[in-house]
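In what follows, a structure is listed as structure tokens, so that the remarks can point back to it.
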Amino acid sequence: MSAGERRWGRRERGRGRGRALLWCALVAAWELAWGQLRYSVPEEMQKGSFVGDVAKDLGLEPAALRARGARVVSEGRRQYFALHDKTGHLVTAERIDREQVCRLVEKCVLRCEVIAAGEMKVYAIEVEIRDVNDNAPSFREAETELKVSETTAPGSRFPLAEAQDPDSGRNALQRYELSGDEHFGLAVQTGPDGGKQPELVLAKALDREEGAFHELVLRAEDGGEPARTGTARIRVVVLDANDNAPVFSQAVYTVRVREDVPVGSALVTVRATDADDGLNGEVKYSLKKVTEKASQMFQLDHETGGITLVRNLDFEEGDSYELGVQATDGGGLSDRAKVVIAVTDVNDNAPEIAVRSLLSAVSEDSAVGTVVALLHVQDRDSGANGEVRLSLGAGLPFRLRSSLGSYYSVVTARELDREEVSEYNVTVRATDGGSPALWSSAVLPLRVLDVNDNAPVFGEARYSAWLPENNGKGALVLRVRAADADWGQNGRVRYRLCEGQVRGAPLSSYVSVHAETGALYALRSFDYEEVREVGLWVRAEDGGAPALSSNVSVRLFIVDENDNAPQVLYPAAAAAAGAGAGAGAGWSGVELAPRSAEPGTLVAKVVAVDADSGQNAWLSYELAKATEPGLFRVGLHSGEVRTARLPVARDAPRQRLVVVVKDHGQPALSATATLHVVLAESVAELLSELSGAAAPGEPAGSLTRWLVLAVAAVACLFLAFLLALLALRLRRWRRSRLLAAGSGASRAAPASPFVGIDGVRAFLHSYSHELSLTADSRKSQRRCPGASGSNTLPAPPPPDKRAPLLPEEPAGAGAGSDSDSGSGSDSDSDSDSGDALPL
């Protein structure tokens, strides 16, 4: 060959190797794209031996595999492979014996899956277990005795027992060799199934007289490197002539049995006949070509040829068995037949559900389609008996989704709500297609994690409470309650006040709310005369992120207590004190009563008010002390002092009356008023009486000066009264114009029975003026104010103190309401004044 041809040959070989590598790379890429990895390793490798680099073949880093929770799961109960955490290599988990794992299988392939629990992904792996020449050929019987008639013609063949070698391929049995005697040779027949059947061939006629026995050695050798061998000793006994061998009725016996046939059942009976008589015609049966597993499953009756079952059949372990049966007569001649036992499948295996990955909890706001479990389902039966259908319990918010091969995912079918159902026990049922069908189930416990999707809800739409005034600081007012349907921190409710003001001060300086219990406390003592109502908002907020909240309105009503004694407006305290001090101290506030006054004549009126309200402001009057007890009487509810009888000559000209004013509170509070009444017919007599009461050493000019001052004071009072009356009339006229423009309901409102302070003062001015200027009591009668029907004259609070103080309402609303009440009071006082002193 020339150099050019050699170079051309090398280039062609290089191109061939390149194409082969390219095809291998394409096949590997195709398998990787379909999630299928294939490796090949020899059997009998040590535990932990390298099988393949899974991380590299999947295009992942080892750290990524660890982060995704990757692990290896094998079919069946035994795990032959494991995944190395640090390197991502697939290694053997134990020593693998190919002959034990893959019996009667030419190509041994083990399958497993790599499951990434974090991503709910599965990668299938196939590992081919290559055979290693670890088994030597062996004969079932180490020594065999063969009887041959001496009349046997040369060239006759005698079947020998086959050697068994569990290895496969070249490591299996390859050849036989015979040694020991020149009368015999060896022939090897190859059967339809590729098996090698050794036969002893008679090469030279036997002569029993020359030798009754022949010792031979049959050696079986496999094709391994180095080769392994097994031997069997054959003892040939030369018999007398037996010219008829047994003959089976059929060469192959075929029987089909169900895998659930009971132990001890007769499966088939083989039969062979021999034309010889006597001992040469007696046939015995034996098993010759049979596997170890088949020999454990079946038993042959040597006399009758009946084959019975000694162990339970399992279609999943073996669907057919072949037995070699030999019939031998008494002369040593034999015949062989094959028995094929086919096992039919019975639905005796329920489906198996294996939970490969399961979430213990899922958030209630998880998106629809979230994977919560990864299941693997298998049925060892075949055909329709191995077809599995999965189903979930009715009414559950989950559904099944098919994954790779026999893997299924359990995913959410709709939104979850922890407040409705907080835990699920998802039952997965697997049913096969057998008749009757078998099933199995698995329960998947699943908790629903809470999300802050519920705001606190108060027990009532609004709250109200009544608090007596003058309460102690820190007094409990009421408790508000709010519930949150969420759980844990999301359901923990805390309370706080919303911002607001009371009388210009922060609301938080008046009341406070306990953040945990919702108890509302008063931080200061309330005064009904200042604050009658407080409105506020309480906010309930949960502990979620972000937090949810709700508000509720709370109204606090202050209840009045009898904490104000009646206040005497007339007579004034200074005037009464001065009059009580004696004539030397002056006689201001002195009342005039004509000696000719009829019983019931009005002498004076005690005017008092009470800052409280309601029953605590109802006043009553009684005469506590008088110079002449029977001369005067006081109206119980009006406070008017009237004559009870006609004055007589013996009555002292100067009378001192003490009137007690009481309210109706519990306990009742009171005040006293002192009146000085002079019995005189005219102002001159009154002045004479007052001058007579002066001290003896006092000059007359001093008395005149006092009289002038008194007259001037009365004139001023009269002028002030006229001005006040004119102002009230103008105000009344203006209000009537305003009311005419307003609603009819306001004009129809009943007048208040209480008289305002301004009206009382007008009455006092009028009464004082008339009393002082009456010159002749006989000719001019004093005009008395008509009865108002009221027994109290409460002092209305200032405009800025009477209105209920509500933070949520504008200031103008409360002021407007109070102004209406004040107008009503003024109107009543105007009416009373008008009745007393008509213009």
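One point on numbering: in numbering that gives the first Met the number 0, the residue at position 229 of the sequence shown is 228, and numbering is uninterrupted. We put the CB at the ideal spot given by N, CA and C, even for glycine.
* To do: Note down, in chain order, each residue of its chain lying with its Cβ closer than 7 Å to the Cβ of Arg-65, except the 5 sequence neighbours on either side.
  => The residue labelled residue 65 in the question sits at position 66 within the sequence shown. Excluding five sequence positions before and after Arg-65, the CB atoms of its chain that fall closer than 7 Å to its own CB belong to Asp-84, given in chain order.
* **Tyr-462 to Arg-523 span [Cα, whole Å]** => By one-based count along the sequence shown, residue 462 stands at place 463. By one-based count along the sequence shown, residue 523 stands at place 524. Rounded to the nearest whole angstrom, the CA to CA distance from Tyr-462 to Arg-523 is 20 Å.
* Asked: Assuming Ala-326 contacts Phe-247 under a Cβ cut-off of 8 Å, what Cβ separation, rounded to an integer in Å, is found between them?
  -> Numbered from 1 along the sequence shown, position 327 holds the residue referred to as residue 326. Numbered from 1 along the sequence shown, position 248 holds the residue referred to as residue 247. Indeed they touch by this definition, with Cβ atoms about 6 Å apart.
* **Other residues of its chain near Gly-490: CB distance less than 6 Å, five sequence neighbours each side excluded** => Here residue 490 refers to the residue found at position 491 of the sequence shown. If the five residues before and after Gly-490 are omitted, its C-beta is found closer than 6 Å to the C-beta atoms of Asp-483, all from its own chain and listed in chain order.
* What residue from Gln-196, His-182, Glu-181 has the CA that sits closest to Gln-188's CA? -> In the sequence shown, the residue the question calls residue 188 occupies position 189. Checking every option, the nearest Cα to that of Gln-188 belongs to Gln-196.
* Asked: Who are Gly-543's beta bridge partners in DSSP?
  -> Residue numbering aside, residue 543 sits at position 544 when the sequence shown is read from its first letter. Answer by DSSP bridge pairing: none, since Gly-543 is not bridged.
* Reduced DSSP category for Leu-842 - H, G, I as helix; E, B as strand; rest coil -> This structure gives no information on residue 842, because the portion of the chain shown stretches from 0 to 838.
* Can you list, in chain order, the residues of its chain whose CB lies under 6 Å from that of Val-282, leaving out five sequence neighbours each side? -> As a position in the sequence shown, residue 282 is number 283, starting the count at 1. Here Val-282 has Pro-245, Ala-271, Asp-273, Ala-326, Asp-328 as same chain residues with Cβ atoms under 6 Å from its own Cβ, once five neighbours each way along the sequence are excluded.
* Where Pro-61 falls: helix, strand or coil (DSSP) -> Against the sequence shown, residue 61 aligns to sequence position 62. For Pro-61, the secondary structure class from DSSP, reduced to helix, strand or coil, is helix.
* To do: Return yes when the Cβ of Cys-111 is within less than 9 Å of the Cβ of Val-72, no when it is not.
  => Locating residue 72 in the sequence shown gives position 73, where the first residue counts as 1. Locating residue 111 in the sequence shown gives position 112, where the first residue counts as 1. Cβ distance < 9 Å, so Val-72 and Cys-111 count as in contact.
* **Start-to-end residues for the beta strand (DSSP E) that takes in Ala-219** => Translated into positions along the sequence shown, residue 219 becomes position 220. 212-221 is the span of the beta strand (DSSP E), which, as asked, contains Ala-219.
* **8 Å contact criterion, which Ser-333 and Leu-238 should meet: CB distance rounded** => Counting from one through the sequence shown, the residue named residue 333 turns up at place 334. Counting from one through the sequence shown, the residue named residue 238 turns up at place 239. No, Ser-333 and Leu-238 are not in contact; Cβ-Cβ is about 13 Å, not under 8 Å.
* Thinking just about the alpha-carbon of each residue, which of Glu-125, Gly-87, Ala-69 is nearest to the one in Tyr-79? -> On the sequence shown, residue 79 is found 80 positions in, with the first residue counted as 1. Per the Cα distances, Glu-125.
* To do: Please state if the CB of Leu-399 and the CB of Val-387 are separated by a distance shorter than 9 Å.
  => Residue numbering aside, residue 387 sits at position 388 when the sequence shown is read from its first letter. Residue numbering aside, residue 399 sits at position 400 when the sequence shown is read from its first letter. The answer is no: Cβ separation not under 9 Å.
* To do: Identify whether Gln-249 lies in helix, strand or coil by the three-state DSSP scheme.
  => Walking along the sequence shown from the start, residue 249 turns up at place 250. Gln-249 falls in the coil class under three-state DSSP.
* For Pro-136, which of Glu-198, His-88, Glu-220, Ile-95 has the nearest alpha-carbon? -> Here residue 136 is taken as the residue at index 137 of the sequence shown, counted from 1. Restricting attention to Glu-198, His-88, Glu-220, Ile-95, the CA atom closest to the CA of Pro-136 is found in Glu-220.
* Considering only C-alpha positions, which residue in the set Asn-615, Asn-134, Glu-639, Phe-720 is nearest to His-663? -> On the sequence shown, position 664 is the one that residue 663 refers to. Comparing Cα-Cα distances from His-663 to each of Asn-615, Asn-134, Glu-639, Phe-720, the minimum goes to Asn-615.
* To do: Excluding the 5 residues preceding and the 5 following Arg-67 in the sequence, name in chain order all residues of the same chain whose CB lies nearer than 6 Å to its CB.
  => Taking the first residue of the sequence shown as position 1, residue 67 is located at position 68. Excluding residues up to 5 positions away in sequence, Ala-115, Gly-117, Glu-118 lie with their Cβ nearer than 6 Å to the Cβ of Arg-67 in the same chain.
* May I ask you to list the residues that DSSP assigns as paired with Glu-176? => Numbered from its first residue, the sequence shown carries residue 176 at position 177. DSSP lists Arg-218 as partners of Glu-176.
* To do: Compare the C-beta of Lys-292 with all C-beta atoms of chain D and state if any pair is closer than 9 Å.
  => Absence of chain D from the displayed structure is noted, only one protein chain being present.
* Asked: Among Thr-671, Asp-96, Arg-255, Ala-651, which has the Cα closest to the Cα of Ala-623?
  -> For the purposes of this step, residue 623 is identified with residue 624 of the sequence shown, where counting begins at 1. Selected option, being the one with the closest Cα: Thr-671.
* **Separation of Trp-438 from Leu-312, as counted between CA atoms** => Walking along the sequence shown from the start, residue 312 turns up at place 313. Walking along the sequence shown from the start, residue 438 turns up at place 439. One C-alpha to the other measures close to 22 Å.
* DSSP state of Cys-715 mapped onto helix, strand, coil -> In the sequence shown, counting from the first residue as 1, residue 715 sits at position 716. DSSP places Cys-715 within a helical segment (H, G or I) once states are collapsed to three.
* Asked: Where DSSP assigns a beta bridge to Ile-95, which residues make up the other side?
  -> For the purposes of this step, residue 95 is taken as residue 96 along the sequence shown, with counting starting at 1. Paired residues: none, contrary to the question.
* To do: Counting only the same chain and skipping the five closest in sequence on each side, list residues whose C-beta sits under 6 Å from that of Gly-47.
  => As a position in the sequence shown, residue 47 is number 48, starting the count at 1. The residues are Val-90.
* Taking all protein chains shown into account, do 16 or more other C-beta atoms lie within 10 angstroms of the C-beta of Val-530, making it buried, or fewer, making it exposed? -> For the purposes of this step, residue 530 is taken as the residue at position 531 of the sequence shown. So Val-530 counts as buried.
* Cβ-based neighbour list, Arg-478, same chain, cut-off 6 Å, excluding 5 preceding and 5 following -> Looking up residue 478 in the sequence shown gives position 479. Correct list, in chain order: Gly-517, Ala-518.
* As assigned by DSSP and simplified to three states, the class of Val-605 -> Residue 605 sits at position 606 when you count from the first residue of the sequence shown. Looking at Val-605 - three-state DSSP - the assignment turns out to be coil, as it is neither helix nor strand.
* **Contact set for Asn-170: own chain, Cβ-Cβ below 6 Å, skip 5 residues either direction** => As a position in the sequence shown, residue 170 is number 171, starting the count at 1. So the qualifying residues of the chain are Asp-130, Asn-132, Asp-221, Gly-223.
* Relative to the C-alpha of Glu-302, which residue among Gly-382, Val-324, Leu-591, Ala-607 is closest? -> Residue 302 sits at position 303 when you count from the first residue of the sequence shown. Cα-wise, what sits closest to Glu-302 is Val-324.
* Spatial distance of Ile-557 from Leu-668 (CA atoms) -> For the purposes of this step, residue 557 is taken as residue 558 along the sequence shown, with counting starting at 1. For the purposes of this step, residue 668 is taken as residue 669 along the sequence shown, with counting starting at 1. Here the alpha carbon of Ile-557 sits roughly 21 Å from the alpha carbon of Leu-668.
* Please state whether DSSP places Asp-192 in a helix, a strand or coil. => Indexing the sequence shown from 1 puts residue 192 at position 193. DSSP, read as helix, strand or coil, puts Asp-192 in coil.
* **Exposure label - Val-842; buried when at least 16 CB within 10 Å** => This structure cannot speak to residue 842, because the chain is shown only from 0 to 838.
* For Gln-654, is the classification buried or exposed, using 16 other Cβ atoms within 10 angstroms of its Cβ as the cut-off for buried? -> Here residue 654 is taken as the residue at index 655 of the sequence shown, counted from 1. When all chains shown are included, Gln-654 counts as buried.
* Could you check where the beta strand (DSSP E) with Ala-625 kicks off and where it finishes? -> Taking the first residue of the sequence shown as position 1, residue 625 is located at position 626. In this chain, the beta strand (DSSP E) harbouring Ala-625 covers 618-625.
* **Per-residue burial, Asp-276 [other beta carbons within 10 Å of its own, 16 or more giving buried]** => The residue labelled residue 276 in the question sits at position 277 within the sequence shown. Flag for Asp-276 reads exposed.
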